[in-house]
Amino acid sequence: MSDEILMRIEDLSVQYKTRMGWTSAVDGVSLDIRRGEVLGLVGESGCGKSTLGKALLRMILPPGRITSGRIWFQGRDLMTLSEAEMSRIRGRNISMIFQDPMTSLNPIQRVVDHLVETIRTHEPNTSVQEARERAAQLFDRLGISSKRLEDYPHQLSGGMRQRVMIAIALSLNADLLIADEATTSLDVVVEAQFMDLLHELRREFNLTILLITHNIGLVAELAERVAVMYAGRITELGSARAIFKDTLHPYTQGLLRAVPNIRLQEDELYKMEGSPPDLINPPPGCRFHPRCPRAMPVCSTLQPGFQMVRPDHWAACWLYEEIPAELQQEVAAP
Amino acid sequence: MSSAEITSNEIPQWQRDLDRAGFVRRLLLARRWYGADWWFAVISGVLLLFIFSIAFFPGFYAPYDPHAEVGPSLLPPGQVPPSFVLVSGPDGVNTVDGLTREVRLGLVRGSESSQVLREVTQRREAELRAEGQQVSLRPRIERYDTIDEALAALSAGQVSVVIGLNSELESFLDQYPDLQIGDSLSGAIQRPFIFGTNQIGQDLFSRIIWGTQIALLVGFAAAVFAALIGVPLGLIAGFWTGPLERVLTLVMDSLYSFPGLLLAIAITSVLGPGILNVIVAIATLYIPTYYRVVRGQTLAVKEELYVEAAKSLGVRPLGILAQYIFPNVIPSLVVIFSVNVADAILTEAGLSFLGLGLPPNTPDWGIDLALGQNYMRQAWWLITFPGLMVLIVTLGFSMLGESLSEILNPRLAES
Amino acid sequence: MSPLAGVCLSSLGVAVLFMLYAFVQGSRGLRNYIVTRVALTLPMVFILVSVIFFVMRVIPGDPVTSQLGPRGGPEARERMRRELGLDRPVLVQYVDYLGRVVRLDLGQSLIFGNRPVVDELGERLPATLELVIPAMIFAVGLGVPLGTFAAQHRKEAADYGLRLFSIVTYSMPVFWLGLILQVVFSVQLGLFPIAGRIDPVVGTTLQRRTNLLIVDSIIQGNWAALGSVLGHIVLPALTLGLILVGVFVRISRINVIETLVKDFIMAARARGIRERVVVYRHALFNALIPIVTLIGLQFAVLLAGAILTETTFSWPGMGLYLVERIGQRDYTAVQGAITVFALSVAVISLLTDILYAFLDPRVRY
Numbered sequence: 035m036s037d038e039i040l041m042r043i044e045d046l047s048v049q050y051k052t053r054m055g056w057t058s059a060v061d062g063v064s065l066d067i068r069r070g071e072v073l074g075l076v077g078e079s080g081c082g083k084s085t086l087g088k089a090l091l092r093m094i095l096p097p098g099r100i101t102s103g104r105i106w107f108q109g110r111d112l113m114t115l116s117e118a119e120m121s122r123i124r125g126r127n128i129s130m131i132f133q134d135p136m137t138s139l140n141p142i143q144r145v146v147d148h149l150v151e152t153i154r155t156h157e158p159n160t161s162v163q164e165a166r167e168r169a170a171q172l173f174d175r176l177g178i179s180s181k182r183l184e185d186y187p188h189q190l191s192g193g194m195r196q197r198v199m200i201a202i203a204l205s206l207n208a209d210l211l212i213a214d215e216a217t218t219s220l221d222v223v224v225e226a227q228f229m230d231l232l233h234e235l236r237r238e239f240n241l242t243i244l245l246i247t248h249n250i251g252l253v254a255e256l257a258e259r260v261a262v263m264y265a266g267r268i269t270e271l272g273s274a275r276a277i278f279k280d281t282l283h284p285y286t287q288g289l290l291r292a293v294p295n296i297r298l299q300e301d302e303l304y305k306m307e308g309s310p311p312d313l314i315n316p317p318p319g320c321r322f323h324p325r326c327p328r329a330m331p332v333c334s335t336l337q338p339g340f341q342m343v344r345p346d347h348w349a350a351c352w353l354y355e356e357i358p359a360e361l362q363q364e365v366a367a368p
Numbered sequence: 030m031s032s033a034e035i036t037s038n039e040i041p042q043w044q045r046d047l048d049r050a051g052f053v054r055r056l057l058l059a060r061r062w063y064g065a066d067w068w069f070a071v072i073s074g075v076l077l078l079f080i081f082s083i084a085f086f087p088g089f090y091a092p093y094d095p096h097a098e099v100g101p102s103l104l105p106p107g108q109v110p111p112s113f114v115l116v117s118g119p120d121g122v123n124t125v126d127g128l129t130r131e132v133r134l135g136l137v138r139g140s141e142s143s144q145v146l147r148e149v150t151q152r153r154e155a156e157l158r159a160e161g162q163q164v165s166l167r168p169r170i171e172r173y174d175t176i177d178e179a180l181a182a183l184s185a186g187q188v189s190v191v192i193g194l195n196s197e198l199e200s201f202l203d204q205y206p207d208l209q210i211g212d213s214l215s216g217a218i219q220r221p222f223i224f225g226t227n228q229i230g231q232d233l234f235s236r237i238i239w240g241t242q243i244a245l246l247v248g249f250a251a252a253v254f255a256a257l258i259g260v261p262l263g264l265i266a267g268f269w270t271g272p273l274e275r276v277l278t279l280v281m282d283s284l285y286s287f288p289g290l291l292l293a294i295a296i297t298s299v300l301g302p303g304i305l306n307v308i309v310a311i312a313t314l315y316i317p318t319y320y321r322v323v324r325g326q327t328l329a330v331k332e333e334l335y336v337e338a339a340k341s342l343g344v345r346p347l348g349i350l351a352q353y354i355f356p357n358v359i360p361s362l363v364v365i366f367s368v369n370v371a372d373a374i375l376t377e378a379g380l381s382f383l384g385l386g387l388p389p390n391t392p393d394w395g396i397d398l399a400l401g402q403n404y405m406r407q408a409w410w411l412i413t414f415p416g417l418m419v420l421i422v423t424l425g426f427s428m429l430g431e432s433l434s435e436i437l438n439p440r441l442a443e444s
Numbered sequence: 002m003s004p005l006a007g008v009c010l011s012s013l014g015v016a017v018l019f020m021l022y023a024f025v026q027g028s029r030g031l032r033n034y035i036v037t038r039v040a041l042t043l044p045m046v047f048i049l050v051s052v053i054f055f056v057m058r059v060i061p062g063d064p065v066t067s068q069l070g071p072r073g074g075p076e077a078r079e080r081m082r083r084e085l086g087l088d089r090p091v092l093v094q095y096v097d098y099l100g101r102v103v104r105l106d107l108g109q110s111l112i113f114g115n116r117p118v119v120d121e122l123g124e125r126l127p128a129t130l131e132l133v134i135p136a137m138i139f140a141v142g143l144g145v146p147l148g149t150f151a152a153q154h155r156k157e158a159a160d161y162g163l164r165l166f167s168i169v170t171y172s173m174p175v176f177w178l179g180l181i182l183q184v185v186f187s188v189q190l191g192l193f194p195i196a197g198r199i200d201p202v203v204g205t206t207l208q209r210r211t212n213l214l215i216v217d218s219i220i221q222g223n224w225a226a227l228g229s230v231l232g233h234i235v236l237p238a239l240t241l242g243l244i245l246v247g248v249f250v251r252i253s254r255i256n257v258i259e260t261l262v263k264d265f266i267m268a269a270r271a272r273g274i275r276e277r278v279v280v281y282r283h284a285l286f287n288a289l290i291p292i293v294t295l296i297g298l299q300f301a302v303l304l305a306g307a308i309l310t311e312t313t314f315s316w317p318g319m320g321l322y323l324v325e326r327i328g329q330r331d332y333t334a335v336q337g338a339i340t341v342f343a344l345s346v347a348v349i350s351l352l353t354d355i356l357y358a359f360l361d362p363r364v365r366y
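Going down the list, the sequences are from chains A, B and C.
Position in the first sequence (from 1) plus 34 gives the number in this note's numbering.
Position in the second sequence (from 1) plus 29 gives the number in this note's numbering.
Position in the third sequence (from 1) plus 1 gives the number in this note's numbering.
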C-alpha cells in the first residue's frame with residue numbers, strides 16, 4: 035500500500051426521493067482510497083455503503099440523486115464529467131463487481147461475449163478474434179476452463195460466475211475495483227476461494243480494492259484499512275488492526291461484540307438495541323445516539339465532526355471531541 | 030438522560046398522523062401515494078356512479094319511450110323536426126278537420142309529409158271519436174316531384190290543398206299571392222332530438238339511455254353467475270387436489286384458451302335469442318377465469334404457515350376455506366369482476382350486433398349498431414353514439430379494474 | 002384432397018419439423034417441456050372438440066325441421082335424419098364425429114348442395130389469413146415500439162397518454178371501430194373502399210389460385226389487382242390491429258420497465274456500455290422474448306375480433322362464413338367452422354409456447 039491517493043471523496047451526499055419524502059442515504063462522506071490498498075467498508079444493511087459504491091461510478095439513477103460532493107480520481111473531479119466521459123471510465127479505470135453473479139450477467143448473452151463486448155466498447159480497434167483471445171487468457175488465469183467460454187450464465191456454478199465477473203472487471207486492467215457484497219451470495223467454502231483469488235490478483239494486477247460488505251470477518255481477513263458506516267455517515271476509519279484492537283466508536287464496538295464467537299462462555303448472543311433509523315427523518319445530531327449506550331445530551335443536538343483521534347485513526351464521536359462551551363453545562367449537571 | 034428516551038422503535042410522526050385521519054383524508058393522502066392510479070380509480074368510480082344512476086333511473090334521463098316512434102325518420106342530432114303546413118287557395122281547405130275524403134291534397138313525393146299527414150289525421154280522428162264524432166280524414170293524395178309543381182297545381186285548381194315545409198314555402202309564396210297558409214301540421218314533437226332519430230323515428234338518445242339498463246343487467250348477471258360457479262369450484266379444486274381436480278382443471282384450461290366470442294356464438298346459436306340465453310352464454314365464458322385465479326390463490330395460501338396452524342388446531346376444512354383462504358382471494362376477485370363486467374358488455378354488444386343476442390326489438394346498443402350499419406351513409410349518428418356509449422361504459426369498468434389492481438396488488442415499486 | 006386439408010397438413014408438417022429440431026437441439030429441460038406441452042395439447046383439443054359437439058347437440062330445435070320447414074313429409078324427414086346420422090344414439094354419433102374430425106371430414110353443408118364443409122372453409126381460410134396476419138403485424142409493430150418508448154419515459158405525459166390509449170382501444174367494440182373508420186375514411190373522405198377484398202371489376206382479371214390475393218396478384222404480375230387488394234386490406238386490418246395494440250403496448254412497457262431495473266443492466270452500465278446499447282441490445286431482447294407467448298395468447302382474441310371485423314367489412318373469411326351459416330341454420334357448417342377455429346387456436350398456442358422455450362437460452366441449454 036502506497037501513500038499515493040487514488041481516489042479522494044469529498045463531502046459526498048446521495049438522496050432518494052420516496053413517496054414519503056427524501057431519504058438521506060449518504061450524508062457528507064469524505065474518504066481517501068490509497069493506491070494498492072484494500073479498503074473495507076462495513077456497516078449494517080441499509081447504512082448506505084452500496085449506495086456509496088454506486089455513487090463513485092455515478093450510477094445513481096432517479097429517483098436518487100447525488101446532491102453534493104466531489105470525487106477526485108486521477109486528477110479529475112468525476113462529478114464534472116459528462117455521461118459519455120464517465121462511461122469511458124466505467125469498466126476501464128474503475129470496475130465494479132456485484133453481489134449476485136447470476137442476476138448480474140445477461141442471461142441471454144454468452145459468457146465470452148460479455149468480455150468481448152466490454153473490451154471492444156473501450157478499445158474499439160480490437161478485433162473480435164483478439165478480444166476472444168484475451169478473454170480466454172483471463173479465464174485461464176482465473177481458473178475457469180476455456181470450454182465454458184461459449185456457455186450461458188445459468189450453465190455455470192455460482193463460484194464460476196463470480197469469477198467471470200472478476201474476469202470482466204479485470205479485462206481492461208482497472209485501477210480500482212469496487213466489490214459490492216461480492217461474496218454475500220456465496221457459500222463459505224467458495225467465499226474463501228474467492229478471497230484467496232482476490233488476494234493473488236491484487237498483487238498481479240496492481241489492484242486497489244474497495245471491499246463493501248456487512249461481514250466483518252471478511253474485512254478482518256483481507257482489508258488493510260477499514261471504514262465503518264452507519265446511517266449514511268462514516269463513523270470510524272483506520273487500519274484494520276486499530277479498528278479491531280483499539281475500537282473507538284461505540285457502534286463499532288457493538289458490531290464487534292455482535293460477532294458470534296464459538297469460544298465465548300456467554301449465554302446469549304449480543305444484540306445491539308434498537309434498529310437503524312428512518313433516513314427520511316433521521317435523528318438529529320449523531321445518528322447513532324438513540325442506540326448508543328454511552329450517549330450524552332450533546333449527541334442528540336449536534337453532529338460530531340470526523341476527527342483524527344489517533345494517528346491515522348479517525349472517529350466521529352463526542353467521546354473524543356471537544357464539546358462546545360454552550361453545551362458543557364448539561365454535561366456537568368447530574 | 031431525558032433526550033435519550035427517543036428510541037428508534039418509535040412510530041414515525043407521519044404514520045401516527047395517518048392513523049388519526051378520517052376516511053376522506055386518507056383517501057386524499059392516498060392520492061400522493063398512488064399517483065396516476067388514484068386518479069384513474071376515482072375518475073372511473075365517478076363515471077360508473079353516473080352510469081349506474083342512468084341504469085337505475087332511465088326514466089329520469091330519457092325524454093321519450095325508446096320504442097315509441099316519436100319523430101321523423103333519420104333526423105340528424107340537434108335538428109328540429111321539420112314543420113309542415115297546409116297551403117290552400119283563398120277559399121280552399123285550410124284546416125285539418127277539412128281534410129275529408131272529397132278533398133284532393135298535393136304533397137311532395139318522398140318527403141315526410143305523408144307520414145306527418147298520417148300522424149296528424151289519425152290523431153285528430155282519435156280525438157273526434159272520443160268526442161263522439163265519427164269523421165274520416167282521408168283526403169285523396171296527389172304526388173308531385175317538387176313543391177313547385179305542387180303549388181302550381183294548387184294554383185291551377187287541380188288540388189285544393191298542399192302540404193309543404195314551412196321553411197320551403199316562404200320563398201315560393203311570393204309567386205302565388207293568392208295562396209295562404211293554414212293549419213300547421215307539425216309532428217307531435219317540435220324539440221330537437223339530442224342524438225337524432227333512427228329509421229323508424231325512435232329517439233336515439235332515449236334508446237341509448239334504456240340500453241344502459243340492459244347492458245349493465247347482462248354484464249352484471251353474467252359476471253355474478255360466472256363467479257357463483259367459478260369461485261367455489263376454484264376454492265374446492267385448490268384445496269382438494271387430486272385426479273378429479275386435474276381433469277377439471279384441464280377442462281377449464283381448454284375452455285379458457287377458447288376464443289370467448291366464439292363460445293358465446295356457439296351457445297347462443299343453439300339456444301336462440303333471449304336475454305337469459307345471452308346471460309348464460311356469457312357467464313359460461315368467464316367461469317374458467319374465476320376458477321383459475323381462485324384455484325391459484327387457494328393453492329398458494331394453503332401452504333402458508335397460519336393455515337397449517339389452523340389445521341393443527343382442528344379447524345374444519347370449510348372453516349379454513351371461509352376464514353383464511355377466501356378473504357385472501359377477495360382483492361383479486363374484485364379486480365376480475367370489474368374487468369369481467371367490461372368484457373361481458375363488449376361481448377354482449379358483439380352478439381347483438383351479429384343478431385345472436387337479444388330479441389330484435391330491445392333497445393340495445395349492439396342492435397342499434399347493426400341497424401345503423403344499413404344507414405351508414407346518410408345517418409352517421411346511428412353508429413356513432415351507441416358505440417360511444419359502449420366504449421364509455423366498458424372503459425369505466427376497465428379503468429376501475431386496472432387501477433384497483435395496481436393499488437391492491439402493486440406489481441412494481443413505482444416510488 | 003381438399004385445399005384446406007392440404008394447407009393444414011403442410012403447415013402441421015412444418016410445425017412438427019420445427020418441434021423435432023428443437024427437441025433434438027435442446028437440453029433436457031427443453032425436451033421435457035416439448036413433450037409435456039404436446040401431451041397437454043392433445044387432451045385439450047379432445048375436450049374442445051367434445052364440448053363443441055355436445056353444445057351443438059343440445060339443440061332445442063331440430064336441424065331437420067329448420068332445414069325442411071313445414072314442407073317435408075315424414076319420409077323426407079326420416080331420410081334426412083338417417084343421412085345426418087341423427088337417428089343413432091348420441092354416443093355413437095359422438096365417436097363417429099371424433100373419428101371424422103381426425104380425418105378432417107367435417108361433414109357436408111346442409112344447404113349448398115352437400116358441399117363438404119372442409120372445402121368451403123378451405124376457400125375462406127386464406128381470406129381470414131389475409132386479414133388476421135396484417136392485423137397482428139400491425140399490432141405488434143406498433144405496440145412494441147410504443148411500449149418501449151413509454152417505458153423509457155416513465156411517469157411523463159407520454160407514458161400516461163399511452164396507458165390511456167391502450168385501455169381505450171381495448172375497450173372499444175371492434176365492429177364499432179370498423180364502422181367509424183368506414184364512415185370517416187370511406188364515406189366521407191373516400192380514401193379507402195368500404196367493403197370486400199378487391200374491386201369487383203379488377204377482381205375479374207385475377208385468377209384465384211391460392212386465394213391469398215396478395216400472393217396471387219404478385220405471381221400473376223397483376224399490379225392493378227395488387228393495388229386494389231392492398232387498398233381493401235387497410236381498413237379491416239387497421240380495425241382489428243388497433244384493438245390489439247393496447248395489449249402489446251402495455252405488456253412491452255411492463256416488460257421493459259422490469260428488465261431495466263434488473264441487476265445485469267446495472268452491471269452492463271458499470272462496464273461502461275453506452276446507455277443506448279444497454280437499452281436496445283441488452284434490455285430489449287430480454288424483455289421481448291415473452292412477447293412471442295403473448296402473440297399466441299392474443300391469437301384467440303384475434304380470431305374473435307376477426308369474426309366481427311369480417312361481418313362489418315363483408316370480408317369473405319371464415320368468420321363471415323360462420324355468421325352467415327348460423328343465420329341459414331346450417332348446423333353442420335357451423336359446427337365445422339367452430340371446430341376449425343378451436344383447433345387453430347390450440348395449435349398456434351402450442352407453437353408459440355415451444356418457440357418461446359426455444360428462444361430462451363435458459364430453457365434451451
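Glycine included, each C-beta is placed from N, C-alpha and C at the ideal position.
Residues of the region 201-216 of chain A with a Cβ closer than 7 Å to any Cβ of chain C, in chain order: Ile202. Chain C places no beta carbon closer than 9 Å to that of A/Glu356, leaving this residue out of the contacts.
Residue contact with chain A for C/Asn287: present (Cβ-Cβ distance below 9 Å to some residue of chain A). Listed as beta-bridge partners of C/Trp177 by DSSP are no residues whatsoever.
Rounded to whole angstroms, the Cβ separation of B/Leu104 and B/Thr226 is 4 Å, and the two are in contact under 8 Å.
Around the beta carbon of A/Asn207, a 10 Å sphere encloses fewer than 16 other beta carbons of the protein chains shown; the residue is thus reported as exposed. Think of a sphere of 7 Å around the beta carbon of C/Arg275: the chain A residues whose beta carbon falls inside it are Ser121, in chain order. Counting only the Cα atoms, C/Pro237 lies some 7 Å from C/Leu132. Bridge pairing for A/Leu73: A/Leu244, A/Arg259 [DSSP]. Taking a cut-off of 8 Å on C-beta distances, the region 328-338 of chain A does not touch the region 247-260 of chain A, as fewer than three cross pairs fall below it.
When beta bridges are read from the DSSP output, A/Ala213 appears opposite A/Ile131, A/Leu245. Residue contact check for B/Trp409 against chain C: a CB pair falls below 9 Å.
Interface residue (Cβ-Cβ distance to chain A less than 9 Å): C/Ala158 is not classified as such. Closest in C-alpha terms to C/Arg89, from the list C/Arg58, C/Gly142, C/Gly328, C/Ala140, comes C/Arg58.
Interface residue (Cβ-Cβ distance to chain C less than 9 Å): B/Gln228 is not classified as such.
Here C/Arg326 has Ala334, Val335 as same chain residues with Cβ atoms under 6 Å from its own Cβ, once five neighbours each way along the sequence are excluded. Counting only Cβ-Cβ distances below 9 Å, B/Thr423 has contacts in chain C at Tyr171, Ser172, Met173, Pro174, in chain order. Note on the region 115-179 of chain A: whole alpha helix (DSSP H) runs with a minimum of 4 residues are 117-123, 135-138, 145-156, 162-175, in chain order. Residue burial is scored here from C-beta neighbours: B/Gly301 has fewer than 16 other C-beta atoms within 10 angstroms and is therefore classed as exposed. Only residues of its own chain outside the window of five on either side were considered, and among them His156 have a CB closer than 8 Å to the CB of A/Arg122, listed in chain order.
From the listed residues C/Pro317, C/Pro146, C/Thr312, C/Gly242, the smallest Cα separation to C/Leu122 is found for C/Pro317.
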